[in-house]
Every structure is written in structure tokens, then in C-alpha cells.
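When you read off a place in the sequence shown, starting at 1, and then add 1, the result is the number in this note's numbering. Glycine is no exception: its CB is placed at the ideal position from the N, C-alpha and C atoms. Remarks on the structure that follows.
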Amino acid sequence: MAEHASAESSAQRRIFYESLVQQQLGPLWEIYANTLTSTPTPRDVAYRWQWKDLRPLLYEAARLVGPEEAERRVLMLLNPGLPALSAITQTLYAGMQIILPGEVARSHRHSPNALRFVVEGTGAFTAVNGERTIMHPGDFVTTPTWVWHDHGNEADSPVVWLDGLDMPFVTAVSAMFYQKYSEPQQPLTRPVGDSLARYGRGFRPAFESKEPSYSPIISYPYAAARSALETIADTETGSPYDGVLMQYLNPLTGGSVLPTMDAFLQWISPGRVLKAHRHTGATIYLGVQGHGVIEIDGQPYPWEPHDVIVVPSWSLHRHQNTGQEPAILFSFSDLPIIKAFSLYREESISE
Ligand code: 1HN
């Protein structure tokens, strides 16, 4: 009998394994097959948060919890597959934030990048680096890494938006920094509309030479984006998987709007059933207008406006418009992280 199979060697093995534990060592051969999987096995799972369930709880939060206590009054969207994390995917965080008339969410900055998509209500503002932008439903607002930002509502109705941050990623790479501003609100140094005037009109200040890793535009208004989608969808069918999918851009580089997150607005024409595909990178969808279904790994997730659906990395997904109107979805993903490290792969299943 070979030595490694004898009774004596099994006793030796037990002692050997115990001493490994004491020395903070481990045998690779025990985890090898579970780690080097042939395809990705995300811990986050596909899930849907319905607006009809979330909305009353958000307004209840607004009744029960004040802005001083909350700093930001947000209900986090917690992925059932990540019970120990405040996360919607292994890299991304999402939450629904509400701000009531007269409230201020005080100024701070942090290393995670943030984005917002306005869900309901008009007239709250986000201030970013000395500039205010007034928020309307469907506006896409960026708060890049380490910029001072605060919110306020000087209008007469509550305002709700979806927050997306790269916080789980920033935490995983131990790069979290956070600072409170000395005052509740930062001073305003630039007029409303300044960043859009400078960078959002197809020209740029010729007297500046900056090429930041994030978009200098702090708000991409919905009215302009929706009308562009409508014009394009008139003659263009777009991608077989995503229909007329438009990516929000950093106009100074033509690249991603934030260093870690891509964001999109998507138009699926009435009656359209798109093709299934899968790719690395996780995506969070928010229904904006119309009705649709995202089928994820064979399971249908119907959506209505303001429902949120998470599609994990490498899940086979397919879009369909199930209503009479155009189906419009906002989405954001961790694709810039995936692509920065050459980890992007995509596959379609031929039918
Ligand atoms: C944050 O700063 C905001 O500024 C929202 O509105 C959500 C979640 C985690 C960490 C920081 C905001 C946040 C956040």
C-alpha cells in the first residue's frame, strides 16, 4: 500500500492539516475546483424591487426619520444573495432616497462615485462643486469621486431618486475616504446650468485643458435625452439585445461617465422582443416609462415604472416590451471596472 493511503499517514494528515490552520496556511487543492469555475458564479442573485411595495415604506421613512438623524434618508436595495453586505451586487450599491420640502441633506464628500436618477417630484437640488442642478423626473445626475455634494428641497413636494454607488467595490479594495463639509451646505460659486453650458452643447471651453476621469456634466436632463431617443428610434432598431441603448458619456473623453460606472437610457419599441445574451458585469435597471419584462436565466421579471431589477454578471437576459407605449429603462453597471482589467466577455445564445 502506498504510504499516503495508510492508517499511519491519515493520522499524520490530520496533524498536518491542524498545523496548517495554526500557521494561517491552507491547501489550495481543497478550494481549487470551487474557485476556478469554468464560468462566473456571482453570489448576488437576480431580484426585483417593486415600486408599489417600496414607495409606501419610503414615505413612512420620511414620516418617522428626520434628515438630522439620517444624513441621507435612503432605503437600501439589498441583494438577497449578499446578506452581510450593504450591496445590490458585489461591486455596486443602490438605494431609494427621499427628501421632503424644506429639508437639507448636508454637504460631504467620499471616494465612492455616485449617480442619481430622479424617480418622482420636481424642484429639489443637488449641489456639486459649487453648482446647483434642479432635479426633474428622469434627470440623470452625477456625483463623482471626492466632490463636495449636498441636496436640498426648496420646492413644495417630496422628491425621490435612485442612488447608485460603487461603494462595495471601493470597500473591497480598501480605498474608502469620507469627509463632512464644515457647513450644512457648500457655497455656490457657479450658476445653475454652468456645467451643461460648458460641456453639454457639443463644444468645450478652449481655454481649459482638463481631461478628468469623470464627466464634468453634473446633470443630463430627461427632456433632452428622451427626445433624442425618440428621434433615433424613428429610423434605428439598435442592438439586437438592447434595442436603442444610449450611453451617457464624459464629453471630454468620449468614455464612461464615471470611472467605475456606466449609465444608459434605453428605448424598446412597442411589440419588440429582443434577443438573449450574457456578459460579465452586473447591471441595475430602473423602469422609467412603459411596461416590459426582463427574462433572467429563464425567469420572467415584469417591470413597471420605478421598479428596480438587478441582473448579475453572466446571467442570460432578454428584454421585451409588453405594453402599448415605448418601454424606457435607465440602467447602470460596473462595466468600466470589468473593462479596465480586460475581463469583459459577452455571449449570445443562438436559437
Ligand atoms: C451618499 O453620499 C448619498 O449623497 C446617497 O445622496 C447614498 C450611500 C452610501 C454612502 C454615501 C448622497 C449614499 C451616500
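(message) Cutting at 8 angstroms between CB atoms, please list the residues of its own chain near Val66, excluding the five before and the five after it.
(response) Cβ neighbours of Val66 beyond the five flanking positions: Arg74.
(request) Go to Ala71, then tell me how far its beta strand (DSSP E) extends in each direction, as first and last residue. (result) Careful: Ala71 lies outside any beta strand (DSSP E), inside the alpha helix (DSSP H) at 68–71.
(message) Do Gly244 and Arg205 have their beta-carbon atoms positioned less than 8 angstroms apart in this structure?
(response) No, the Cβ-Cβ distance between Arg205 and Gly244 is not below 8 angstroms.
(message) Please tell me whether Pro327 and Gly291 are closer than 8 angstroms, where the distance is taken between their beta carbons.
(response) Taking the C-beta atoms as reference points, Gly291 is found nearer than 8 angstroms to Pro327.
(message) Nearest by alpha-carbon distance to Pro159: which of His137, Met177, Pro313, Ile89 is it?
(response) Closest by alpha carbon: His137.
(request) Check whether the Cβ atoms of Ala224 and Leu116 lie closer than 8 angstroms to each other. (result) No.
(request) Below 8 angstroms CB to CB, which residues in the same chain sit around Trp147 once its five sequence neighbours on both sides are set aside? (result) These residues qualify, in order along the chain: Arg110, His111, Ser112, Phe178.
(request) Sort Met247, Ala283, Leu37 by Cα distance to Ala88 and report the nearest one. (result) Comparing alpha-carbon positions, the option among Met247, Ala283, Leu37 lying closest to Ala88 turns out to be Ala283.
(message) Under 8 angstroms: do the stretch 120–132 and the stretch 247–260 share three or more Cβ pairs, one atom per stretch?
(response) Here the stretch 120–132 does not lie against the stretch 247–260, with fewer than 3 beta-carbon pairs under 8 angstroms apart.
(request) Tell me whether Thr144 counts as near the ligand 1HN, meaning its Cβ is closer than 7 angstroms to at least one heavy atom of that ligand. (result) Checking the Cβ of Thr144 against the ligand 1HN gives yes.
(message) Considering only heavy atoms of the ligand 1HN, does any lie closer than 7 angstroms to the CB of Gly67?
(response) Outside the cutoff, so no.
(request) Taking all protein chains shown into account, decide if Ala226 is buried (16 or more other Cβ within 10 angstroms of its Cβ) or exposed. (result) Per the 10 Å Cβ criterion, buried.
(message) Once DSSP output is grouped into helix, strand and coil, what is the label at Ser11?
(response) Three-state result, Ser11: helix.
(request) Let me know the secondary structure DSSP gives Arg191 once reduced to three states. (result) The DSSP-derived three-state label of Arg191 is coil.
(message) Using a Cβ-based criterion (distance less than 7 angstroms to any ligand heavy atom), does Met247 qualify as near the ligand 1HN?
(response) Between the ligand 1HN and Met247, a heavy atom-to-CB distance of less than 7 angstroms is absent.
(message) Which of the three DSSP states is assigned to Met2 in this structure?
(response) Because the pLDDT at Met2 is just 48, under 50, the model does not fix this residue reliably, and the value given afterwards should be weighed accordingly. In the three-state scheme derived from DSSP, where H, G and I count as helix and E and B as strand, Met2 is classed as coil.
(message) Give me, in chain order, the residues of the same chain whose beta-carbon lies closer than 6 angstroms to that of Tyr221; leave out the 5 immediate sequence neighbours on both sides.
(response) Excluding residues within five positions, the ones whose Cβ falls inside 6 angstroms are Phe141, Tyr249.
(message) Can you tell me which residues form a DSSP beta bridge with Ser220?
(response) Here Ser220 is bridged, per DSSP, to Val142.
(message) Whole angstroms are fine: how far does the CA of Glu231 sit from the CA of Ser175?
(response) Our two residues, Ser175 and Glu231, have alpha carbons roughly 42 angstroms apart in a direct line.
(request) Note the first and the last residue of the continuous beta strand (DSSP E) segment covering Ala128. (result) Where Ala128 is concerned, the enclosing beta strand (DSSP E) stretches over 125–129.
(message) Just to confirm my understanding: we take Met2, look at its own chain, exclude 5 residues before and 5 after, and list those with CB closer than 7 angstroms. What are they?
(response) Here the model assigns Met2 a pLDDT of 48, short of 50, so the residue's position is not dependable, and the following value carries that caveat. Excluding residues within five positions, none has a Cβ falling inside 7 angstroms.
(message) What does the Cβ neighbour count give for Ser39, buried or exposed, with the cut at 16 atoms within 10 Å?
(response) It is exposed - the Cβ of Ser39 has fewer than 16 other Cβ atoms within 10 Å.
(request) With a threshold of 7 angstroms, establish whether the CB of Tyr94 neighbours any heavy atom of the ligand 1HN. (result) Tyr94 Cβ: within cutoff of the ligand 1HN.
(message) Please state whether the Cβ-Cβ distance between Val161 and Met97 is less than 8 angstroms.
(response) With a cutoff of 8 angstroms on beta-carbon distance, Val161 and Met97 are scored as near each other.
(request) In angstroms with no decimal places, state the Cα-to-Cα distance between Pro28 and Ser7. (result) Separation of Pro28 and Ser7 (C-alpha to C-alpha, rounded to the nearest whole angstrom) is 20 angstroms.
(message) I'd like to confirm something about Gln98: is its beta-carbon nearer than 7 angstroms to some heavy atom of the ligand 1HN, or not?
(response) Answer for Gln98: yes, Cβ within range of the ligand 1HN.
(request) Kindly list the residues whose CB is nearer than 7 angstroms to the CB of Thr281, restricted to its own chain and excluding five residues on each side of it in sequence; keep chain order. (result) The answer, listed in chain order, is Pro41, Ser314, Trp315, Ile339, Leu344, Tyr345, Arg346.
(message) Nearer than 7 angstroms: is that true of the beta carbon of Pro224 relative to any heavy atom of the ligand 1HN?
(response) Reading the sequence as shown, one finds Ala at residue 224 and not Pro. Because no heavy atom of the ligand 1HN lies under 7 angstroms away, the Cβ of Ala224 does not count as near it: no.
(message) By the three-class DSSP mapping on this structure, what secondary structure does Met77 have?
(response) Taken through DSSP and simplified to helix, strand or coil, Met77 comes out as strand.
(request) Could you work out which residue in Asp45, Gln51, Leu93, Ala106 is closest to Asn70 when comparing CA atoms only? (result) What sits at residue 70 in the sequence shown is Glu, not Asn. Among Asp45, Gln51, Leu93, Ala106, the Cα nearest to that of Glu70 belongs to Ala106.
(request) Verify the contact flag: Val148, CB atom, against every heavy atom of the ligand 1HN, threshold strictly below 7 angstroms. (result) Every heavy atom of the ligand 1HN is 7 angstroms or more from the Cβ of Val148, so no.
(request) Out of Ser270, Gly153, Gly194, Trp149, point me to the one whose CA is closest to Tyr182's CA. (result) Answer by Cα proximity: Trp149.
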